[in-house]
Amino acid sequence: MDTDRAYLLGFIIGGGIFGNAENRLRIRLPYKQWGSYKTNPTRVSDITRDIMNVVNPLFKNIYNVTAYFEAAESGLWDILFDGDLSDLIADLESYGISCKGDLRTHVTISTLVKSLVDDNLKRRFIAGLADTIGSTNPNHRRFTNEIQIISFELKGFNFTFVCDLCRLLYSVNCLPDQILWNHPNFHCANNPYYKQWNKGFKIRVQIDQFDKFGAVAFRTKAKSLKENQKMQHDDHDAIPCPDREIRANISCVHPAENDERLPDIIRGGHYLHNRHVCAVLGCEHAPYNAIKNLFSSVGDLIMPFPILCKDDSATIEDIISSDSLLSKRKYIVSRYEVKFFYDKFILTPNILLFGNNEEVGYSIAEIMQGIAYIIADDKELNGKRPKGNYKQLIERHLQQNPKASIEVRIPDLLTPLIIMGEERGALIGANNPNVYKRLVSISTENEYKLLVRPIEEEDLRYEK
Amino acid sequence: MKNEVSYYPEIQKFIETQLKSNFLASNHRELYVYWGIGELKKNLHRIIQEHPLECSCVSSFAENVPPLSLDIFALITDGVKFELLILEIKLVKSAGLKEWSQLIGYCLVSGAKYGLLVNIDNGCSPRLTHTLYSEHHMSYIQTIVNEQQQLHMLGFMQWNSLTHNFEYSNLGFIKSLSDLSRRLIAEFAD
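So the protein sequences, as listed, match chains A and B.
So the first sequence is residues 4 to 467, counted in this note's numbering.
So the second sequence is residues 5 to 194, counted in this note's numbering.
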């Protein structure tokens with residue numbers, strides 16, 4: 004191992020895709036709009052320069068291959084190679100890395116990391132990764148421009164690689180600000196019927212943190228980091244994982260928790276917080292006690308139904324008819340004025356409706372969001388999301404039509420409340436912590452892994 | 005406006021860090037890198053005085069080396085063997101034969117085995133590019149001094165002041181800092 008090789012290995016692992024043909028490698032730089040010649044021609048000439056002046060001489064020196072590139076309008080860059088890749092492949096294999104397909108999706112870096120014997124070698128390896136998958140798009144910020152982020156973005160299901168990379172950053176005192184796991188509990192926490200949950204991993208690091216540790220070799224990345232940093236007015240420190248507060252929100256139980264693509268250690272589990280995954284993976288920096296503390300209120304943190312599912316009326320009807328627990332219910336069907344719910348919300352925004360005690364029932368805030376979606380004009384929606392504030396949208400409609408109403412179907416047991424308009428509908432799950440907590444058990448193989456069994460009619464009937 | 009001297013610390017730090025990392029990764033022991041700016045002989049004596057344990061192997065060389073004014077040099081040692089690395093750092097639009105000749109001269113006079121011409125944020129002239137590309141003896145020089153053969157291996161690199169990294173040109177005999185490290189590692193392992 005040497006410092007230049009460490010950089011290149013990071014670069015290859017970050018973007019390397021081996022083709023079916025023997026000895027065919029492309030390194031994909033997924034820069035998207037940030038690196039598109041249509042949206043940013045100046046940056047494109049800089050990226051070209053970086054590939055030819057930074058990457059190419061290194062590949063020539065170390066593996067005796069010549070790099071060239073292809074760039075697409077979408078901002079995808081592919082670096083390709085002329086020459087014999089045997090040395091490069093042998094090098095990767097010596098670290099236990101199999102040269103097949105998209106490396107990020109299956110790579111294990113534990114052997115390689117052992118050969119990064121000091122912080123500088125680790126830093127060089129991370130620089131290679133940052134130049135490929137470290138996104139410096141200024142949209143990666145924490146709430147406002149004041150805290151800018153570099154986000155390491157990875158597709159696939161390689162939880163171990165993400166965990167090892169996070170540890171590696173931590174080991175050089177570059178403390179990740181947030182880790183977003185590619186799991187349905189985080190990518191679609193509200194709606195178990197939403198199937199496009201596979202959106203990838205993100206390891207987010209504050210730019211100030213990354214700057215202190217300072218590792219990119221691409222001029223374009225360095226410039227972009229500096230531009231983003233200028234948007235901040237102060238320096239910001241990162242907080243070590245064990246010292247950070249954990250605030251968990253309720254999430255629905257998603258069928259994709261059992262997706263076969265998830266690794267065994269993760270599959271079948273329900274996760275209350277991103278750092279709950281870290282605990283299950285056994286990271287030494289995971290906040291184990293804080294995670295265990297969440298278990299005592301697990302009934303408030305899981306929902307075996309959708310928290311809020313919005314869709315067109317036909318799809319909502321299909322969902323109901325395909326789920327026996329929902330289709331077998333007897334519903335009281337009534338029309339309610341929107342103003343009824345609005346007034347309740349203004350008076351007590353946390354109130355639960357149609358339940359049998361203060362802790363049980365349907366959240367008025369979720370009902371209001373469902374109503375906003377149902378009564379919105381097409382132009383007021385961005386997909387299924389109301390544009391702007393949902394309360395203001397409802398107020399606008401009430402001004403035009405104070406008598407506006409929706410159909411409400413209240414089930415005999417606490418399965419989802421159904422609200423329907425003319426073209427759109429919504430399902431809202433009930434808060435019902437005492438019932439839900441009985442669905443949860445702890446895995447015998449991992450004391451931090453929570454298993455949630457499907458809810459049955461008996462569970463709801465027993466409670467009633 | 006920064007001048008070339010103001011870049012010395014960041015370039016020194018980078019080179020030193022890479023050499024030490026590579027040595028540690030390969031030989032699992034420490035490498036020592038000491039820097040001198042200005043006159044060679046005086047600086048060598050100062051370094052020996054400050055680090056007698058690590059640098060006693062340099063004493064006889066320091067006695068015999070002629071006085072010579074340099075920009076910047078590194079004494080690299082594992083405590084048993086040592087080598088000199090001379091840096092010729094420039095902040096010019098394009099480094100040319102003049103700068104290369106200067107580096108050769110310094111290396112020949114001092115006996116330094118390794119020399120790097122470093123231009124900050126810029127490359128080298130087409131003439132120098134052509135020379136280094138086609139005439140290998142311009143960067144791999146063998147001399148006979150007092151009936152002893154001496155080797156001088158030189159390279160050209162570009163310092164990127166934004167990323168604080170070297171960009172390699174592949175020009176000259178020493179292609180990269182890892183290449184330089186490999187040679188030192190092999191030499192010190194003997």
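Ideal Cβ placement from N, Cα and C applies to all residues, glycine included.
Compute the beta-carbon to beta-carbon distance between residue i and residue j, rounded to the nearest angstrom, for a pair I have assumed lies under 8 Å.
| i | j | result |
| --- | --- | --- |
| H276(A) | P187(A) | Not really, about 14 Å apart at Cβ, beyond 8 Å. |
| P389(A) | A368(A) | In fact, because the Cβ distance is near 13 Å, the residues do not count as touching under 8 Å. |
| F14(A) | V58(A) | 7 Å |
| G377(A) | G428(A) | Looking at the sequence shown, residue 377(A) is not Gly but Ile. Yes, I377(A) and G428(A) are in contact; Cβ-Cβ is about 7 Å, under 8 Å. |
| W39(B) | I76(B) | 7 Å |
| H156(B) | C111(B) | 5 Å |
| G38(A) | W80(A) | 6 Å |
| K313(A) | G373(A) | 6 Å |
Counting only beta-carbon atoms, is residue i nearer than 8 Å to chain A?
| i | result |
| --- | --- |
| L166(B) | yes |
| T21(B) | yes |
| A78(B) | no |
| S98(B) | no |
| S25(B) | yes |
| L57(B) | no |
| L28(B) | yes |
Kindly say whether residue i, judged by its beta-carbon, lies nearer than 8 Å to any beta-carbon of chain B.
| i | result |
| --- | --- |
| K117(A) | no |
| V208(A) | no |
| A70(A) | no |
| D5(A) | yes |
| L32(A) | no |
| L12(A) | no |
| R8(A) | yes |
| V47(A) | no |
| K233(A) | no |
| K226(A) | yes |
| D238(A) | no |
| V175(A) | no |
| V219(A) | yes |
| D1(A) | Since the first residue shown for chain A is 4 and the last is 467, residue 1(A) is missing from the structure and cannot be characterised. |
| L132(A) | no |
| L61(A) | yes |
| N43(A) | no |
| D214(A) | no |
| R222(A) | yes |
| D121(A) | yes |
| V57(A) | yes |
| L28(A) | no |
| N64(A) | yes |
| L384(A) | no |
Excluding sequence positions up to five away, which residues of its chain have a Cβ less than 7 Å from the Cβ of residue i?
| i | result |
| --- | --- |
| K41(A) | E76 |
| R131(B) | G100, L101 |
| P245(A) | H288, P290 |
| R170(A) | C286 |
| A220(A) | Y10, V57, A130, D134 |
| T133(B) | L175 |
Can you name, in chain order, every residue of its own chain whose Cβ lies under 6 Å from the Cβ of residue i, other than the five neighbours on each side?
| i | result |
| --- | --- |
| F160(B) | L121, C128, S173, L175, G176 |
| V443(A) | V301, L453, V455 |
| F308(A) | P419, G432 |
| L416(A) | L463 |
| N385(A) | none |
| C281(A) | A289 |
Here's a check: name, in chain order, each residue in its chain whose Cβ is nearer than 8 Å to the Cβ of residue i, leaving out the five neighbours to either side.
| i | result |
| --- | --- |
| E459(A) | L328 |
| Q154(B) | G115, K117, Q146, T147, I148 |
| I52(B) | C59, S60, V62, S63, A66 |
| M371(A) | F344, Y345, F348, Y393, K394, I397 |
Practice problem: Taking a Cβ distance cut-off of 9 Å, strictly less, list which residues of the region 162-173 of chain A are near chain B, in chain order. | Solution: Answer in chain order: no residues at all.
Open item on the list: By the 8 Å beta-carbon criterion, what residues does the region 168-187 of chain B contribute toward chain A?
Closed with: So the list reads H168, N169, E171, Y172, S173, N174, K179, S180, L181, S182, D183, S185, R186, given in the order they occur along the chain.
Exercise. Which residue spans inside the region 375-444 of chain A form an unbroken beta strand (DSSP E) run of at least 3?
Worked result: Listed in chain order, they are 408-414, 420-423, 427-431.
Which residues, in chain order, does the region 257-291 of chain A contribute to contact with chain B at a C-beta distance below 7 Å? The residues in question: there are none.
Inset, instruction - Please list the residues of the region 87-120 of chain B that have a C-beta atom closer than 8 Å to any C-beta atom in chain A, keeping them in chain order. - result: Listed by position, the residues of the region 87-120 of chain B near chain A (Cβ gap below 8 Å) amount to none.
Every unbroken alpha helix (DSSP H) within the region 27-82 of chain B, with a cutoff of 4 residues, ordered by chain
Restricted to the region 27-82 of chain B, the alpha helix (DSSP H) segments that are unbroken, complete and at least 4 residues in length are 44-54, 56-59, 63-68, listed in chain order.
Can you give, in chain order, each stretch of the beta strand (DSSP E) that sits fully within the region 269-330 of chain A and has at least 3 residues? As far as the region 269-330 of chain A is concerned, its whole beta strand (DSSP E) runs of at least 3 residues are 311-315.
* Could you name each continuous beta strand (DSSP E) segment of 3 residues or more that falls completely within the region 114-168 of chain B, going from the start of the chain to the end? => The region 114-168 of chain B contains these whole beta strand (DSSP E) runs: 118-124, 144-149, 152-164.
Q | Residues of the region 72-99 of chain A with Cβ closer than 8 Å to any Cβ of chain B, in chain order | A | Those would be none; no residue qualifies.
*Mind pulling the beta strand (DSSP E) runs of 3 or more residues that sit fully within the region 69-148 of chain A?*
If we require 3 residues or more, the beta strand (DSSP E) runs fully inside the region 69-148 of chain A come out as 69-74, 79-85.
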